[in-house]
Amino acid sequence: MCKICRRVHGHCAGTWKYFQDQRRIVDYVLAFNGEDENAEAKQRRAIYQRNLESEGLQIETENCQRIHFVKIHVPENVLSHYCEIMKMQMPMKKLENQDKIIMRDFSIQSTLVRLFRRPLFNFVIIDRQKFAPPEYRLMYEYSRDKPYLFDDREQNFFTPSIRIAVAHFILERTYFSEAVEEKKDIGIRRLMEDQVYLDAYPLHDGCTDLRSSCQRALLLEEWASISKWIKHQPLDHIKEYFGVKIAMYFAWLGFYTHMLIPASVVGLICFFYGLLTYPANRISQEICDDNGTIMCPQCDKYCDYWYLRTTCNISKLAHIFDNEMTIVFSIFMSVWATLYLEMWKRYSSRIQHRWGITEYCSLAEPPRPQYLSRLKNIKKMMFNIATGAQEPSPPFWTKKFPSFLYSYSVIFLFILLTIAAVFGIVVYRMSLMTSKNIYGDGGSVSGKLIIFPATTAAINLLASTALTYAYQYVAEYMTNVEYRRTQTEYNESLNLKIYLFEFVNYYSSIFYIAFMKGKFPGYPAKYNRILHLRQEECSPGGCLMELCIQLAIIMVGKQAIGAITEILIPFLVQKFKEFRSVLGIDAGSAENGERLICCNQWTKDFNLINWHDRSLFNEYLKMVIQYGFITIFVVAFPLAPFFALLNNVFETRLDAKKFLLYYKRAVPQRVRDLGIWYNIMHVVGKVAVISSAFIIAFSSNFIPRLMYMNVVNPTGTDEGFVNHTLAYFNVSHFEANAAPENSTFSNITICRYSEYRNPPDDPRPYKRPSIYWQILAIRLTFVVIYQNLVSFVQIVVAWAIPDVPTKLQDQIKREQYLTNEYIIEQEKLKMALSGTGGCGGVGGSVAGTRYAQNGCVASEDSSPDDEKANYGSIADDNEYPLRMQTDDCEPYAAYGIVTSRV
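Shown next as structure tokens:
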């Protein structure tokens, strides 16, 4: 029976995470319902646990009322065996002269610190007494045949994250059926789906009591606290606790947040420039000083004529976001997007090297159990060049292609449904124009032009948020249809589908305002209509102001909703699980009638939210959607980078708190980079250039005003520009049911509207004048020039910044040389001691090469077993590592082996 919860000297009992002998640590826990009378489930559990023990795992069962816990410990011999199979990069013994090759780390933060005096930046540096910098150690792929490389007898050589990763690897690949040929009867994931086990999870290293000395409490106090928002992140310690995948996310989030600082500064300069110069803006002055210009109605029948001066306030606000600095800011952000991606690759190369993931390749990842179960009857086999194993492969034309076609057809259909939903909102907006309650009163037209877009933007935000949940279900179902070999491939395919949904979901209404609204409204004598509804028009100042309002509400609103739910929802879910668990425990009683409350670490963690493969997806998705807002549409909202910066400062700490407090500990996973998210951001950067060009050319007054000053006005100023952009209309030419029914204006013969058209007394009334075609030609020319110019600058920036710093390349070469020389020397000593000669030992000693680099060449008739011996592999015929280096998986293949530092 489990122990009773109590506190000892202020430290919570949650630190109990050992077997009953208090010596063997619990590396993983399985939980199942002890009251379950299902005989089949009991049999499957028994077979599964027996197979786990045959793999060398040590098991101890803890009965705790309704829930029973299976504690798992991984002995060191099993750890060493599977570290070799999993090709783990492990720290080597310290080599002679290795300290002479230490290079200075590159980072934005360290660069800033070196530019100024260090005391100025002490407040942002983490406490090195609490987070000691890791010792400089070379890393090498673990091999038991090279004991001289590793000090694997060290107490902490196999870190907790490695122990957890090995335990999870075994749990995912152990059968729970006597019939081993049934490949679907494999893995803890399948057992949890069938409710044989309720949960499977690694343990946090202690409780959240800040007085505790565990790593979890330290990270919670020094990293996850909002009060530490300005300090750097202890990335190496995050990596040791959560694994590379989560640490890479926080490294990228921190880098992205720092890169937002210059973008925010330039955006604020653009905003304040417009704010300071708007009183002198001639366009708003002409609108505000105009007392006679009468504008045509904004809608049919119910809308009345209105004075141009009523848009005085909105014209002033429009100047804040549409001024001379707009084009400068758009060019800056286009270059910034390229600079950010290139600098990230450069920054991440140092992280990859330090964490030993430079050589990691997803081809070496084992197939998903679900994938194997679908291919159990497939006879076609494929040779995996990374693992050297024969794997079942689905036929392309009869299996893979039809599944992809079906999957993406459904995805495309739902994207069209999303566009249809946005079209419905547009029709709703147009239908409101006919409502007397909206436009029929005598309120300010300027106020309506702000309130009306704001309310529809809020509706769009709520609708898009609600649709997200349906999209995720459809995308996950469609991805299950496809034949995705590894979990990485599965996750990336699913991520792409959901991002496409979200892209259309959040951006389509903004694209409508930026590129469609007010572009083809027609004129009062012949309006262009959709479903008999009149299209919306832009205000005399253009649609840029409404686009700004839409962006601000959707972007800031989405971030506000995310910040609220970031902690609230996990907190409520965790408390609900805890409450439900307590009720279940209280329902039972001990033999002596006393109730027992389980409070060991495995029982405390059982009530936390499950961590799964896609728990990071929503975090990445939020940030990449935000990245689209600040690049694609930043021309209309220069404050977007600033609001993104504010959000991300708190997002980092809230995510950290959420992962430490409310989620079970994640299984450490290796990733090499951001995966598909980097490719998405790269494409978004290209789209942003095109979008900015079209927004400046067609949604702002930049081109018409430039043409007016250089072609129309002899004085070369913009005086009279507003009058130039307004066309004349004879009210007697209104189409049927379009004229105002109850107008408060009398004796109106002429009204004005925002278009370039001939006046009614022209020989070609209401036709396009030549100036319209000239402006259109200049607009298209501007788009071409802007896109090519900015794209050229992006190419130059990308070319000028190498992906890997030169110093890092030199460091890698030096480390490889020292490692190879040490291996050759040790192999020679080993051969001398054993009294044997030949090339086998030396040939197999050189990392990253198939044959020896010292002149030994394998014979032509050497067998596969001989090759495996050269590699020093302990795995079976289906698992021995065939280390074929490719440009895709090994960027430093030309260097031979790739070592790393911790």
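Note that the numbering used here has the sequence shown beginning at 61, numbered continuously upward.
Ideal placement from N, C-alpha and C gives every residue a C-beta, glycine not left out.
Identity of the residue in the options nearest residue i by Cα
| i | options | result |
| --- | --- | --- |
| Phe789 | Arg765, Pro825 and Ala757 | Pro825 |
| Phe236 | Lys440, His413, Arg250 and Ala225 | Arg250 |
| Leu263 | Met252, Gln275 and Val256 | Gln275 |
| Phe472 | Ala574, Lys664, Ala397 and Tyr559 | Tyr559 |
| Pro581 | Cys359, Leu668 and His784 | Cys359 |
| Phe474 | Tyr488, Gln532, Pro427 and Ser491 | Gln532 |
| Ala798 | Pro207, Asn678, Thr691 and Cys356 | Cys356 |
| Val256 | Asp96, Asp870 and Glu596 | Asp96 |
| Glu156 | Ala323, Leu209, Pro194 and Val89 | Leu209 |
| Tyr367 | Asn137, Ala481, Leu278 and Cys811 | Cys811 |
| Ala340 | Glu384, Val731 and Ala323 | Glu384 |
| Gln215 | Arg110, Arg84, Ala284 and Thr625 | Arg84 |
| Ser759 | Cys598, Ile186, Tyr488 and Ala277 | Cys598 |
For residue i, the first and last residue of its enclosing alpha helix (DSSP H)
| i | result |
| --- | --- |
| Asn667 | Segment: none, Asn667 is in no alpha helix (DSSP H) and carries neither H nor E. |
| Leu139 | Glu136 to Ile145 |
| Asp863 | Careful: Asp863 lies outside any alpha helix (DSSP H) and carries neither H nor E. |
| Asn790 | Asn790 -> not in any alpha helix (DSSP H); beta strand (DSSP E) instead, spanning Leu786 to Asn790. |
| Ala309 | According to the sequence as given, residue 309 is Tyr; it is not Ala. Counting along the chain, the alpha helix (DSSP H) containing Tyr309 begins and ends at Val304 to Thr337. |
| Leu258 | Premise fails: Leu258 is in no alpha helix (DSSP H) and is neither H nor E. |
| Leu706 | Ala700 to Leu721 |
| Pro611 | Pro is not the amino acid found at residue 611; the sequence shown has Leu there. Counting along the chain, the alpha helix (DSSP H) containing Leu611 begins and ends at Leu604 to Leu611. |
| Lys682 | Phe677 to Ile692 |
| His228 | Pro220 to Glu232 |
Boundaries (first-last residue) of the beta strand (DSSP E) holding residue i
| i | result |
| --- | --- |
| Pro151 | Gln149 to Pro151 |
| Glu562 | From DSSP, Glu562 is part of no beta strand (DSSP E) but of the alpha helix (DSSP H) over Gln547 to Phe575. |
| Phe201 | The residue you asked about is not Phe; residue 201 is Glu in the sequence shown. Where Glu201 is concerned, the enclosing beta strand (DSSP E) stretches over Leu198 to Glu201. |
Chain-order list of residues whose beta-carbon lies under 7 Å from that of residue i (same chain, five-residue window excluded)
| i | result |
| --- | --- |
| Glu28 | Since the first residue shown for the chain is 61 and the last is 962, residue 28 is missing from the structure and cannot be characterised. |
| Leu556 | Ile736 |
| Ser553 | Thr539, Glu542 and Arg544 |
| Ser469 | none |
| Glu307 | Looking at the sequence provided, one finds Ala at residue 307 rather than Glu. Leu295, Ile298 and Lys299. |
| Ser792 | none |
| Leu335 | Ile380 |
| Ile808 | Ile354, Tyr365 and Val791 |
| Val134 | Asp87, Leu117, Arg223, Val226 and Ala227 |
| Glu346 | Val782 |
| Ile391 | Val850 |
| Asp265 | Pro220, Cys274, Gln275 and Arg276 |
Rounded distance between the beta-carbons of residue j and residue i, thought under 8 Å
| i | j | result |
| --- | --- | --- |
| Val771 | Gln834 | 7 Å |
| Ile838 | Ile763 | 6 Å |
| Thr663 | Cys267 | Contact flag wrong, Cβ pair sits at about 12 Å. |
| Met148 | Ile222 | 7 Å |
| Ala101 | Phe129 | At roughly 16 Å, the Cβ-Cβ gap does not stay under 8 Å, so Ala101 and Phe129 are not in contact. |
| Ile590 | Val487 | 7 Å |
| Ile286 | Glu875 | Incorrect: roughly 40 Å between the Cβ atoms, too far for contact. |
Cβ of residue i within 7 Å of any chain D Cβ
| i | result |
| --- | --- |
| Pro630 | Here chain D cannot be found, since the structure has a single protein chain. |
Own chain partners of residue i with C-beta closer than 8 Å, once the 5 adjacent residues on each side are dropped
| i | result |
| --- | --- |
| Phe310 | Gln293, Leu295, Ile298, Thr712, Asp715 and Ala716 |
| Val388 | Cys330 |
| Lys586 | Glu795 and Tyr826 |
| Ser894 | none |
Same chain, Cβ closer than 6 Å to residue i, five either side skipped, listed in chain order
| i | result |
| --- | --- |
| Glu402 | Ala858 and Ile861 |
| Lys77 | Val86, Leu263 and Gln661 |
| Gly776 | Met769 |
| Glu120 | Phe79 and Lys131 |
| Lys405 | Asp863 |
| Gln619 | Asn707 |
| Ala704 | Leu320, Gln686 and Ile690 |
| Gln854 | Thr398 |
| Leu112 | Thr234 |
| Arg342 | Asp778 |
Give the list of continuous alpha helix (DSSP H) stretches no shorter than 4 residues that lie fully inside the stretch 264–290.
Here the runs fully enclosed are 275–282.
Extract the residue ranges of the beta strand (DSSP E) inside the stretch 794–828, only unbroken runs of 3 or more that lie entirely within it.
Runs found: 810–814.
Give the list of continuous beta strand (DSSP E) stretches no shorter than 3 residues that lie fully inside the stretch 77–134.
Those beta strand (DSSP E) runs which fall completely within the stretch 77–134 and span 3+ residues are 88–93, 118–124 and 127–133.
Identify every run of the alpha helix (DSSP H) within the stretch 339–402, keeping only runs that are complete inside it and at least 4 residues long; order them along the chain.
The DSSP assignment places 342–349 and 372–381 as complete runs of the alpha helix (DSSP H) inside the stretch 339–402, in order along the chain (cut-off: 4 residues).
What are the uninterrupted segments assigned as alpha helix (DSSP H) that are 4 or more residues long and contained completely in the stretch 718–757, given in chain order?
The stretch 718–757 is shown to contain whole alpha helix (DSSP H) runs of 4 or more residues at 736–754, in chain order.
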